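Chemist:
6 protein chains.
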Amino acid sequence: MTKVVCPGSFDPVTNGHLDIIERAARLFDEVVVAVLVNESKQGLFKVAERQDLLGQATGHLPNVSVSSFDGLLVDFCTANGISAIVKGLRAVTDFDYELQMAQMNSSLTQVDTVFIPTTPAYSFLASSLVKEVAKHGGDVSGLVPDFVLAKLKAKFV
Amino acid sequence: MTKVVCPGSFDPVTNGHLDIIERAARLFDEVVVAVLVNESKQGLFKVAERQDLLGQATGHLPNVSVSSFDGLLVDFCTANGISAIVKGLRAVTDFDYELQMAQMNSSLTQVDTVFIPTTPAYSFLASSLVKEVAKHGGDVSGLVPDFVLAKLKAKFV
Amino acid sequence: MTKVVCPGSFDPVTNGHLDIIERAARLFDEVVVAVLVNESKQGLFKVAERQDLLGQATGHLPNVSVSSFDGLLVDFCTANGISAIVKGLRAVTDFDYELQMAQMNSSLTQVDTVFIPTTPAYSFLASSLVKEVAKHGGDVSGLVPDFVLAKLKAKFV
Amino acid sequence: MTKVVCPGSFDPVTNGHLDIIERAARLFDEVVVAVLVNESKQGLFKVAERQDLLGQATGHLPNVSVSSFDGLLVDFCTANGISAIVKGLRAVTDFDYELQMAQMNSSLTQVDTVFIPTTPAYSFLASSLVKEVAKHGGDVSGLVPDFVLAKLKAKFV
Amino acid sequence: MTKVVCPGSFDPVTNGHLDIIERAARLFDEVVVAVLVNESKQGLFKVAERQDLLGQATGHLPNVSVSSFDGLLVDFCTANGISAIVKGLRAVTDFDYELQMAQMNSSLTQVDTVFIPTTPAYSFLASSLVKEVAKHGGDVSGLVPDFVLAKLKAKFV
Amino acid sequence: MTKVVCPGSFDPVTNGHLDIIERAARLFDEVVVAVLVNESKQGLFKVAERQDLLGQATGHLPNVSVSSFDGLLVDFCTANGISAIVKGLRAVTDFDYELQMAQMNSSLTQVDTVFIPTTPAYSFLASSLVKEVAKHGGDVSGLVPDFVLAKLKAKFV
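Chains as they are written, first to last, in numbering that gives the first Met the number 0: chain A, 0 to 156; chain B, 0 to 156; chain C, 0 to 156; chain D, 0 to 156; chain E, 0 to 156; chain F, 0 to 156.
Right, dumping it as structure tokens:
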């Protein structure tokens, strides 16, 4: 049985994130979506809100659960019986940084990292861009789930 | 008739920027050079100064005008009848980020993005590097127009 | 008035090519789609066939014409009053090679190159992959126009 | 139960290939290592030899089997109940091409592609380089299993 | 006689830095390792501490000395008779930025930049990652010299 | 004393090659420019012609000599007391492949590789493009030394 983690800020979850989570849920026995708690960086949504939105967005996937972590991701993996980290990949710049992290994590533990390419149609999607557009009243429907759309609008009234 | 925008911080305009603006002016009927107003980030030059320097630098190009914008670039395009965004490209890292922005902008509206490679001789030019060098008394003549050189020296007396 | 060229092998035209040609036709006054004649490399379709398929595929675009060239692209541009080369861009590896060509062409003449990013959904599309899939009986509908699909099937009976 | 394929030329298998196969065997229930039969390209080792070397090299991994395929990889997947393709990744140039293939394969079927980064110490390893070095009498011990080393020496006597 | 500089933050020195310094010491007559003093950015170690750790780490290399600089690196080079800057390279993203710096430095003076690739086994090593891991109690032995390890542990008690 | 090699096809030498050779001659005590003899690939110029052109082009550099090699470059280095390979770098795609070669060479021997970025103005220069342009009667003056220009014209009469 292989248990994996999809780590991220998820501030908030986008359709691009869901694309990767759904692929991971098809390939692995158990998937933990884990929100990174970064105390030095204030997000738009609180960690509890982000977990709640992720819970709604992944409710249809029986082998997916939602959690959060601070500290080292590899420590979270060891503590939870997780054998691999799953990352979505959009672009080459992503790849360089992610490869460096993967190699560091692999040198610290036996935790592997696997990369899954995003659907081309979502290749430009990033939470930061979605927030920037929503903040200025732009239309981000189609880029995030409908219930996230409503929450985003409420933040920027 | 095709009207395009060359967006940027232009803090201050360099010879690399002018290279792209001149190419755009040859290819399109009307070119708006638009300074991004970023209220959370203090520049070296005020937005009005940057526009003034751009005005001087593009005075010889009859189909170029200078403006500024805040909010979403695509909203600026729609409000001004602009059908494409023109970006200069120096390097691969540029390309990844710019491609992501272009695809987001294209998903929000029908505004296309076209990329024009910089002249090789200017491929290392960036306003931030120019300011760093000028701040320490380095010689940036040849990298910016002469009247910008004078303004830079005045800033760092 | 700005006249541009979209050069390529177009063996055969794909929906990704058409995406770029349509964008070019919106941005520029006149667009020449030019098939590169490469005598040392036998294609799947004859040059005349490729031009014929391009003619059908671009029949709805009044400012687009189809042609062919051998020799240097910049010579074709000079002989036909073309001021810029338009290239679609899919990926970073593309970009490196295309940038090198653009800089060489710009050093030989005053002909600029502009890059237009492909629609994300077509980012994986290449004639060579389409042919490889079609050859083995795979389904490439949605990747090429319908009348190209029929021609491809006929080639691989 | 997730069954995956590790496709490649494996002419011959290197320690870099084994690194990826071993990681895949830890993460997935069943792993098929499949040699691509390319009739237009003569290899150093015959397909049967390559499969034999792979069999020896993976004998310690109970959930790994060795096979071969021609035609489309996605057809091989469909015919064998394989739900994902596993590729090792060494470098950015790899990534661009592999991403294009992954997106094409995903558009043709529901077969996902996952990328696993190679161990840094093997990041330069490629069968083609190994053969080039061995051909000129260079020492490739440590880069391939010992029984492959012996076969390589025999080829270049 | 060729004198070169290895510039960096070295906060703290890692085995990856040492790998590059040792290669530089083999290739050039004299090597100055120079710590960049950045007054706007508080490091984990003070500049004097970093120089001290570098001194211990390079004590076995007779043609290596340790120094520090603020202002422009090219001014430091001119003032000290240094004819080239030596940089380690890990990844493509590094390369783009470093190339831009190298071209700017070469345009300001006659100082060349040479790039030396890191040993693959250290390709993921960065001081920032080492500090992040050490801060959370992770094991970074093997990534930094032993006396640096002790200092890191003392910082995070 | 450090002796280095600048390897390549040099079919023919361009101003971009000379730029790198001149930088290497400033940085190292002795520079051997070595033409790779590739018997399976017919060049435009014979190896002896290429060496002759290189000899003319580097006549003003007293610490540069011209040679040729077949087999492994690292064997040539060992046989000639050469401690490093110097490569010019133009682009990211170059970098990936060159890095792989550098790591392979470093794993076979103690021979280091150092990369020197080309002058931006020559970043598009490649012998293959120069030959393609010259073949069609394009003007390549400024891209190669004058005596190479004459030889190129003679080849394509």
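Virtual Cβ for every residue (Gly too), placed ideally from N, Cα, C.
Just so you know, these numbers come straight off a predicted model, no measurement behind them.
(1) Within the 8 Å Cβ cut-off, does residue 67 of chain A reach chain E?
(2) With three or more beta-carbon pairs closer than 8 Å as the criterion, would you say the stretch 45–64 of chain B touches the stretch 118–131 of chain B?
(3) Measuring straight from C-alpha to C-alpha, what distance separates residue 29 of chain B and residue 73 of chain B?
(4) Any C-beta of chain D sitting closer than 8 Å to the C-beta of residue 35 of chain F?
(5) Nearest CA to the CA of residue 35 of chain B: which residue from B/17, B/43, B/69 and B/61?
(6) Can you tell me the Cα-Cα spacing of residue 15 of chain A and residue 22 of chain C, whole angstroms?
(7) Check distances from the C-beta atoms of the stretch 70–85 of chain D to those of chain C and list, in chain order, the residues that come in under 8 Å.
(8) With distance defined between alpha-carbon atoms, name the residue in D/126, D/134 and D/153 nearest to residue 158 of chain D.
(9) Could you compute how far the alpha carbon of residue 24 of chain E sits from the alpha carbon of residue 63 of chain E?
(10) Check residue 29 of chain D in the structure and name its three-state DSSP category.
(11) So, for residue 0 of chain A: in the same chain, excluding its five sequence neighbours on each side, which residues have a beta-carbon less than 8 Å away from its beta-carbon?
(12) Taking its Cβ as the centre, do 16 or more other Cβ atoms sit within 10 Å of residue 155 of chain A, making it buried, or is it exposed?
(13) For residue 86 of chain C, which option in C/33, C/130, C/26 and C/113 has the closest C-alpha, if you only look at C-alpha atoms?
(14) Under a three-way DSSP split, which group does residue 86 of chain D fall into?
(15) Where does residue 155 of chain C sit, in a helix, a strand or coil, going by DSSP?
(16) On the CB-based measure, 16 or more other CB atoms within 10 Å of its CB, does residue 109 of chain B come out buried or exposed?
(17) Classify residue 117 of chain A as helix, strand or coil using the three-state DSSP reduction.
(18) By DSSP, does residue 107 of chain B sit in helix, in strand, or in coil?
(19) Starting from residue 75 of chain D and walking both ways along the alpha helix (DSSP H), at which residues does that stretch end?
(20) Which of the residues in the stretch 21–50 of chain D, read from start to end, lie with their CB under 9 Å from any CB of chain E?
(21) From residue 147 of chain C to residue 83 of chain C, what does the alpha carbon distance come to, in whole angstroms?
(22) In chain D, which residues lie with their C-beta within 8 Å of the C-beta of residue 122 of chain E?
(23) Can you list, in chain order, the residues of its chain whose CB lies under 8 Å from that of residue 77 of chain C, leaving out five sequence neighbours each side?
(24) Any Cβ of chain D within less than 8 Å of the Cβ of residue 107 of chain C?
(25) What span of residues does the alpha helix (DSSP H) with residue 129 of chain F cover, start to end?
(26) Terminal residues of the continuous beta strand (DSSP E) containing residue 3 of chain C?
(27) Can you give me the C-alpha to C-alpha distance between residue 46 of chain D and residue 8 of chain D, rounded to a whole angstrom?
(28) Nearest chain C C-beta to residue 151 of chain B closer than 8 Å, yes or no?
(29) May I have the straight-line CA-CA distance separating residue 134 of chain A from residue 89 of chain C, to the nearest angstrom?
(30) Excluding sequence positions up to five away, which residues of its chain have a Cβ less than 6 Å from the Cβ of residue 116 of chain E?
(31) Would residue 115 of chain F pass as an interface residue toward chain E - the criterion being a Cβ-Cβ separation below 8 Å?
(32) Using C-beta distances below 7 Å, list every residue in its chain close to residue 18 of chain E, excluding the 5 sequence neighbours before and after it, in chain order.
(33) Can residue 31 of chain C and residue 66 of chain C be called in contact, C-beta distance under 8 Å?
(34) Using the beta-carbon of each residue, which ones in chain C are nearer than 7 Å to residue 18 of chain B?
(35) Taking DSSP's pairing of strands, which residues face residue 112 of chain C in a bridge?
(36) State the DSSP-derived secondary structure class of residue 46 of chain C, mapped to helix, strand or coil.
Modeler: In brief:
(1) Taking the first sequence and counting its residues from 1, one reaches residue 67 of chain A at position 68. No, no contact with chain E.
(2) no
(3) By 1-based counting over the second sequence, the position of residue 29 of chain B is 30. By 1-based counting over the second sequence, the position of residue 73 of chain B is 74. The alpha-carbon atoms of residue 29 of chain B and residue 73 of chain B are separated by roughly 17 Å.
(4) Mapped onto the sixth sequence, residue 35 of chain F falls at position 36. Cβ-Cβ to chain D under 8 Å: no for residue 35 of chain F.
(5) Here residue 35 of chain B is taken as the residue at index 36 of the second sequence, counted from 1. Considering only alpha carbons, the answer is B/69.
(6) As a first step, residue 15 of chain A must be located in the first sequence, where it is residue number 16. As a first step, residue 22 of chain C must be located in the third sequence, where it is residue number 23. Their Cα atoms are separated by approximately 26 Å.
(7) 70, 71, 73 and 74
(8) The shown model of chain D, from 0 to 156, leaves out residue 158 of chain D, and the question about it has no answer.
(9) Within the fifth sequence, numbered from 1, the residue matching residue 24 of chain E stands at position 25. Within the fifth sequence, numbered from 1, the residue matching residue 63 of chain E stands at position 64. If you take the alpha carbons of residue 24 of chain E and residue 63 of chain E, they lie about 7 Å apart.
(10) Counting from one through the fourth sequence, the residue named residue 29 of chain D turns up at place 30. Residue state, collapsed to three classes: strand.
(11) For the purposes of this step, residue 0 of chain A is taken as the residue at position 1 of the first sequence. Once the five neighbours on either side are set aside, the close Cβ partners of residue 0 of chain A are 28 and 29.
(12) Residue 155 of chain A sits at position 156 when you count from the first residue of the first sequence. With fewer than 16 other Cβ atoms within 10 Å, it is exposed.
(13) Taking the first residue of the third sequence as 1, we reach residue 86 of chain C at position 87. Answer by Cα proximity: C/113.
(14) Your numbering for residue 86 of chain D matches position 87 in the fourth sequence. The answer is strand: DSSP assigns residue 86 of chain D an E or B state.
(15) The residue labelled residue 155 of chain C in the question sits at position 156 within the third sequence. Here residue 155 of chain C sits in coil by DSSP.
(16) Along the second sequence, one-based indexing puts residue 109 of chain B at 110. The residue is exposed, with fewer than 16 neighbouring Cβ atoms inside 10 Å.
(17) Here residue 117 of chain A refers to the residue found at position 118 when the first sequence is read from its first residue. Coil at residue 117 of chain A, not helix or strand.
(18) Residue numbering aside, residue 107 of chain B sits at position 108 when the second sequence is read from its first letter. Correct three-state label for residue 107 of chain B: helix.
(19) As a first step, residue 75 of chain D is located in the fourth sequence; it is residue number 76 there, counting from the start. First-last of the alpha helix (DSSP H) with residue 75 of chain D: 72–79.
(20) none
(21) Taking the first residue of the third sequence as 1, we reach residue 147 of chain C at position 148. Taking the first residue of the third sequence as 1, we reach residue 83 of chain C at position 84. Cα-Cα distance, rounded: 28 Å.
(22) The count along the fifth sequence starts at 1 and reaches residue 122 of chain E at position 123. Neighbours of residue 122 of chain E on chain D, chain order: 119 and 122.
(23) As a position in the third sequence, residue 77 of chain C is number 78, starting the count at 1. Only 108 and 110 meet the Cβ criterion.
(24) Numbered from its first residue, the third sequence carries residue 107 of chain C at position 108. Chain D, which has no Cβ nearer than 8 Å to the Cβ of residue 107 of chain C, makes this no.
(25) Position 130 of the sixth sequence, counting from 1, holds the residue named residue 129 of chain F. Note, residue 129 of chain F: alpha helix (DSSP H), 126–134.
(26) One-based indexing of the third sequence puts residue 3 of chain C at position 4. Element bounds for residue 3 of chain C: 2–7.
(27) Taking the fourth sequence and counting its residues from 1, the one referred to as residue 46 of chain D is at position 47. Taking the fourth sequence and counting its residues from 1, the one referred to as residue 8 of chain D is at position 9. Distance between the alpha carbons of residue 46 of chain D and residue 8 of chain D is about 9 Å.
(28) On the second sequence, residue 151 of chain B is found 152 positions in, with the first residue counted as 1. By this cut-off, residue 151 of chain B is not an interface position.
(29) One-based indexing of the first sequence puts residue 134 of chain A at position 135. One-based indexing of the third sequence puts residue 89 of chain C at position 90. About 30 Å.
(30) Here residue 116 of chain E corresponds to residue number 117 of the fifth sequence, with the count starting at 1. These residues qualify, in order along the chain: 88.
(31) Numbered from its first residue, the sixth sequence carries residue 115 of chain F at position 116. Yes, residue 115 of chain F lies at the interface with chain E (some Cβ there is under 8 Å from its Cβ).
(32) As a first step, residue 18 of chain E must be located in the fifth sequence, where it is residue number 19. Taken in chain order, the residues that qualify are 117, 118 and 121.
(33) For this step, residue 31 of chain C is matched to residue 32 along the third sequence. For this step, residue 66 of chain C is matched to residue 67 along the third sequence. Cβ atoms of residue 31 of chain C and residue 66 of chain C: closer than 8 Å.
(34) The count along the second sequence starts at 1 and reaches residue 18 of chain B at position 19. Residues of chain C passing the Cβ test: none, with the nearest at roughly 11 Å.
(35) As a working note, residue 112 of chain C is residue 113 in the third sequence. In the DSSP output, where bridge partners are listed per residue, residue 112 of chain C has C/84.
(36) Sequence index remark: in the third sequence, residue 46 of chain C carries index 47 (1-based). If DSSP states are grouped into helix, strand and coil, residue 46 of chain C belongs with the helices.
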